[in-house]
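Everything below concerns the one structure shown next.
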Amino acid sequence: MSSVLKIENLCVAVNEKLILKGVNLEVRQGEIHALMGPNGSGKSTLAYALMGHPKYEVVDGRIFIDDTNLAELEPDARARLGLFLAFQYPVTIPGVKVADFLRHAVSNIRNPERKEGEGLIPMRDFRKELKSRMEELGIEQEFARRYLNDGFSGGEKKRMEILQLAMLRPKFAILDETDSGLDSDAVRFVSQSIARLSGPEMAIVIITHHERLLEINKPQQTHVMLAGRIV
Ligand SMILES: Nc1ncnc2c1ncn2[C@@H]1O[C@H](COP(=O)(O)OP(=O)(O)O)[C@@H](O)[C@H]1O
Ligand SMILES: [Mg+2]
Numbered sequence: 026m027s028s029v030l031k032i033e034n035l036c037v038a039v040n041e042k043l044i045l046k047g048v049n050l051e052v053r054q055g056e057i058h059a060l061m062g063p064n065g066s067g068k069s070t071l072a073y074a075l076m077g078h079p080k081y082e083v084v085d086g087r088i089f090i091d092d093t094n095l096a097e098l099e100p101d102a103r104a105r106l107g108l109f110l111a112f113q114y115p116v117t118i119p120g121v122k123v124a125d126f127l128r129h130a131v132s133n134i135r136n137p138e139r140k141e142g143e144g145l146i147p148m149r150d151f152r153k154e155l156k157s158r159m160e161e162l163g164i165e166q167e168f169a170r171r172y173l174n175d176g177f178s179g180g181e182k183k184r185m186e187i188l189q190l191a192m193l194r195p196k197f198a199i200l201d202e203t204d205s206g207l208d209s210d211a212v213r214f215v216s217q218s219i220a221r222l223s224g225p226e227m228a229i230v231i232i233t234h235h236e237r238l239l240e241i242n243k244p245q246q247t248h249v250m251l252a253g254r255i256v
């Protein structure tokens, strides 16, 4: 049976200021949705609130994945339930190598009961999988040995987010302006990669100002956000 992400009357405040004012949205596994709207309308706020960012306070409404209420769950627990966010502004983590970060993340998602220090996905299998995903995305192999996003260009950071998506294969992926800052070749790679990843197992919410990603990833629904509401 396919899973559903259900957002009911979601109201979210940041620094005591109400930003989202009653968002309703239902996304089924396998669907592609586009979320558009002017800057400052609350698209990223919705993405952060779904993922459980501590600064984004849910003051009313509910978020469900199937029968599970996400309200009390930490971001890592939400990730284990199949939720994924590609950040609009990815963070840099000097000292953590891309390959190590991904190997741990993938191990934790695929084996939710895993205890720290055991049960990492075998290095050989992981390397092989990572190599082919990187090739598909047009990412240089030496990226795997660099620190996460450290010294990456804007475009490299966006491809890094898609590489995470490709490795983690979540049920629900929110892509927050993953096409911004990319040249047209990079947009094509990302777009084709999303097309390859999408299917009955994955739902994708594409937050964008352009139609570039939507040309080959045709949304079933397009939502427009304005001043904290889907209009
Ligand atoms: N971390 C934050 N601190 C303060 N204000 C924020 C924060 N995040 C968002 N906001 C405010 O919330 C509103 C919506 O922002 P955002 O969700 O980033 O919009 P969008 O992604 O649609 O451009 C804006 O007025 C913005 O200033
Ligand atoms: Mg935004």
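The numbering of the sequence shown is our numbering, which starts it at 26 and goes up by one. Positions of the beta carbon are idealized from the N, C-alpha and C atoms, including for glycine.
Skipping 5 residues on each side, what residues in its chain have a beta carbon closer than 8 Å to that of residue i?
i: A191; result: R158, E161, L162, S218, L222
i: I88; result: L30, K31, I32, E33, L35, A74, L75, N94, L95, A96
i: D91; result: S28, V29
Could you check the C-alpha separation between residue i and residue j for me, to the nearest Å?
i: P115; j: E186; result: 8 Å
i: I146; j: L43; result: 42 Å
i: K243; j: G224; result: 12 Å
i: E99; j: Q245; result: 30 Å
i: M250; j: H235; result: 15 Å
i: N40; j: L110; result: 22 Å
i: D175; j: G120; result: 9 Å
i: L173; j: I199; result: 20 Å
Among the options, which has the Cα closest to the Cα of residue i?
i: Y73; options: V249, Q113, F151; result: Q113
i: G253; options: L75, V52, R171, K68; result: K68
i: N133; options: L193, Q246, G176; result: L193
i: E202; options: P195, D210, I232, A211; result: I232
i: D85; options: Q245, E51, A38, A104; result: A38
i: E226; options: I57, K42, L43, I44; result: I57
i: M148; options: E138, P137, A169; result: A169
i: F197; options: G77, G107, G65, L50; result: G107
i: G142; options: K153, A130, G77; result: A130
i: N64; options: R105, E41, H78, S205; result: S205
i: L45; options: D101, H78, V83, L60; result: V83
In three-state DSSP terms, what is residue i?
i: S156; result: The question names Ser, but residue 156 in the sequence shown is Lys. Helix at K156.
i: V230; result: strand
i: L145; result: coil
i: M61; result: strand
i: R254; result: strand
i: L239; result: coil
i: H129; result: helix
Once you ignore the five residues that flank residue i on each side, which residues in its own chain have a CB closer than 7 Å to its CB?
i: I164; result: R184, L188
i: V48; result: I32, L35, L71, R254, I255
Using the DSSP secondary-structure output, state which residues sit across from residue i in a beta bridge.
i: G224; result: M227
i: D85; result: C36
i: L95; result: The partner list for L95 (beta bridge, DSSP) is empty, contrary to what the question assumes.
i: E51; result: K31
Give a yes or no on whether the minimum CB-CB distance between residue i and chain B is below 8 Å.
i: E167; result: The chain labelled as chain B is not found in the depicted structure, where only one protein chain is given.
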